[in-house]
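So the sequence lines, in the order shown, correspond to chains A and B. Counting the first sequence from 1 gives a position; my numbering is that position plus 87. Counting the second sequence from 1 gives a position; my numbering is that position plus 1434. Below is one structure; the comments refer to it alone.
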Amino acid sequence: MTSAPRHAHLRSVAVLVLATQFSQVAEAHIRKGEASGFLSGVRHPISGLDHVLAMIAVGLWGAQLGAPAIWVLPVAFPMVMALGGMMGLLGIPLPGTEYGIAASMILLGGVVLLELKPPLWVAALLVSFFAIFHGHAHGTELPPGQDGLLYSMGFVCATGCLHGIGVSIGLVHRWTWGQLFLRLSGGFISAMGMYFLWKALV
Amino acid sequence: MKRKSLFVLATMLVVFFLCPSPASAHLNSTGMGPMYDGLLHFFLSPEDIVPVVALALLAGLRGPEYGRRALLLLPASWFVGCFLGTMFQWAASWPVAAISFLVFGGLVAADAQVSLRAMTVLAGLLGLVHGWMNGSGVPWSFSLIGAYAGLVAGVFVVVALVSAFVIKLRPPWARIAVRVAGSWIVATGLLLLGWAARRG
């Protein structure tokens, strides 16, 4: 092969490779709204740092409290949050949602920081109370035109997984350094809650 | 001579490309045959598959006897429900899927100690109601028998696999994980109810 055709060949390959780098999403065989509905649902709870930290705090606290709180709290939160989401979907107003979310971070982070161990029903009640604010915020922000069922499934799965991450991190509680780490994490979440409260106020 | 034959070949090719027949390459226009269409319909319908999974989880939590009862009764009642729906052509206006999610997810989350008789009723009801919803709005044809057979085959497979999997679970945390899955189904049902109410 002479050098000119070889260069032409290389150029064609280069153009082809370059072209593949600018390819668009095909979306050829997705029923409208479905796949995006599930992924939008997954993305929604993890899109806001305030929600993420509060949900991780629930998992951390559950791990600190041990059984049965380790699974009761992460079970209670998504269910009551869904109830709040339903309220948001129905247009039932809930005043001070943003303050409630910030307060959830401050208090849930605070109980992790102080390693408080109240009775199970008190812990479940506290977590459930704040779950309504998170759910309501999500419910009112739901985008129109999405597949409701797949969106809800993605939304709940993502929330549950965030609790799971919190519980998994919380398993370090068995070690002394882990207990200190968890308390520091609680302090960080609480401080972030104060930041979000300040942002909501100004 | 060679040039002439090339010309003829090129002309034939051009004519060939100018008269294409539909490729029918996409299965949503051709289908896969009634049996597989029914099977795929079930596996692509989360509003049907999730309550079936929930019932199978519940049966698995309760034990092998419950699993066997659900395995036999649910596909049978689903099959009957499909034909009843096709026969009467009436679809419920209330959010059936959301209610099923709440009821069956709630029973799993609570690890409800249901009796075998209650399980029988629950499986029968679930099959009849969801089968009815599948069948309503579908005009009768003989190919429906195959489609419904495929659909209930899907139900059978899911119940068999899920309940057998849960029955085999021994560690306490695994049973808790099943209950957590139930709570997720309840949460999804609540949101679904909100969506249904918002749509009116």
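Ideal Cβ placement from N, Cα and C applies to all residues, glycine included.
- It is roughly 28 angstroms from the alpha-carbon of residue 175 of chain A to the alpha-carbon of residue 198 of chain A.
- Per DSSP, the unbroken alpha helix (DSSP H) holding residue 248 of chain A starts and ends at 235-257.
- At the C-beta level, residue 145 of chain A and residue 225 of chain A stay beyond 7 angstroms of one another.
- Boundaries of the alpha helix (DSSP H) harbouring residue 1538 of chain B: 1530-1543, taken from the DSSP string.
- Residue 285 of chain A carries a helical assignment under DSSP once its states are collapsed to helix, strand and coil.
- Taking a Cβ-Cβ threshold of 7 angstroms, the residues of chain B close to residue 165 of chain A are 1617, 1618, 1621, in chain order.
- Residues of the stretch 128-162 of chain A with a Cβ closer than 8 angstroms to any Cβ of chain B, in chain order: 158, 161, 162.
- For residue 1480 of chain B, a Cβ of chain A is located within less than 7 angstroms of the residue's own Cβ.
- In this structure, the CA atom of residue 269 of chain A is about 15 angstroms from the CA atom of residue 193 of chain A.
- Against chain B, a Cβ distance below 8 angstroms from residue 248 of chain A picks out nothing, because the smallest value is about 10 angstroms.
- Going by C-alpha positions, residue 1438 of chain B is about 32 angstroms away from residue 95 of chain A.
- Taking the beta carbon of residue 1614 of chain B as reference, the chain A residues within 8 angstroms of it are 158, 161, 162, 247, listed in sequence order.
- For residue 1629 of chain B, the number of other beta carbons within 10 angstroms of its own is at least 16, and it is reported as buried.
- Exclusion of the five residues before and after residue 185 of chain A leaves 287 as the residues of its chain whose Cβ lies within less than 7 angstroms of its Cβ.
- At a Cβ-Cβ threshold of 7 angstroms, residue 1488 of chain B and residue 1596 of chain B do not count as neighbours.
- If one requires a minimum length of 3 residues, no beta strand (DSSP E) run lies completely within the stretch 1550-1579 of chain B.
- Here residue 1508 of chain B really is in contact with residue 1486 of chain B; their C-beta atoms are around 7 angstroms apart, less than 8 angstroms.
- Residue 1516 of chain B: member of the alpha helix (DSSP H) spanning 1498-1522, first to last residue.
- Residues of chain B with a Cβ closer than 9 angstroms to the Cβ of residue 172 of chain A are, in chain order, 1621, 1624, 1625, 1628.
- In summary, residue 179 of chain A is exposed, with fewer than 16 beta-carbon neighbours lying within 10 Å of its beta-carbon over all protein chains present.
- 7 angstroms or more divides the Cβ of residue 1513 of chain B from the Cβ of residue 1588 of chain B.
- Residue contact with chain B for residue 235 of chain A: present (Cβ-Cβ distance below 7 angstroms to some residue of chain B).
- The beta carbons of residue 124 of chain A and residue 195 of chain A sit no closer together than 7 angstroms.
- Rounded to whole angstroms, the gap between the alpha carbons of residue 283 of chain A and residue 277 of chain A is 10 angstroms.
- For residue 239 of chain A, a Cβ of chain B is located within less than 7 angstroms of the residue's own Cβ.
- Taken atom to atom, the span from the alpha-carbon of residue 1606 of chain B to that of residue 155 of chain A is near 11 angstroms.
- Only 1610 from the stretch 1588-1610 of chain B bring a Cβ to less than 7 angstroms from some Cβ of chain A.
- When rounded, the separation of the alpha-carbon atoms in residue 1632 of chain B and residue 213 of chain A is 29 angstroms.
- For residue 1438 of chain B, the enclosing alpha helix (DSSP H) starts and ends at 1436-1452.
- With a threshold of 7 angstroms between beta carbons, residue 1502 of chain B makes no contact with chain A.
- Assignment of residue 194 of chain A by DSSP, reduced to helix, strand and coil, places it in the helix class.
- By the Cβ test, the stretch 204-223 of chain A is in contact with the stretch 153-172 of chain A, since at least three Cβ pairs between them sit closer than 8 angstroms.
- Pairing residue 189 of chain A with residue 258 of chain A gives a Cβ-Cβ distance that is not under 7 angstroms.
- Neighbours of residue 176 of chain A in chain B, taken as residues at a C-beta separation under 8 angstroms, are given in chain order as 1625, 1628, 1629, 1631, 1632.
- In this structure, DSSP gives residue 182 of chain A a state outside helix and strand, which the three-state scheme calls coil.
- Annotation for residue 223 of chain A: the continuous alpha helix (DSSP H) segment containing it runs 207-228.
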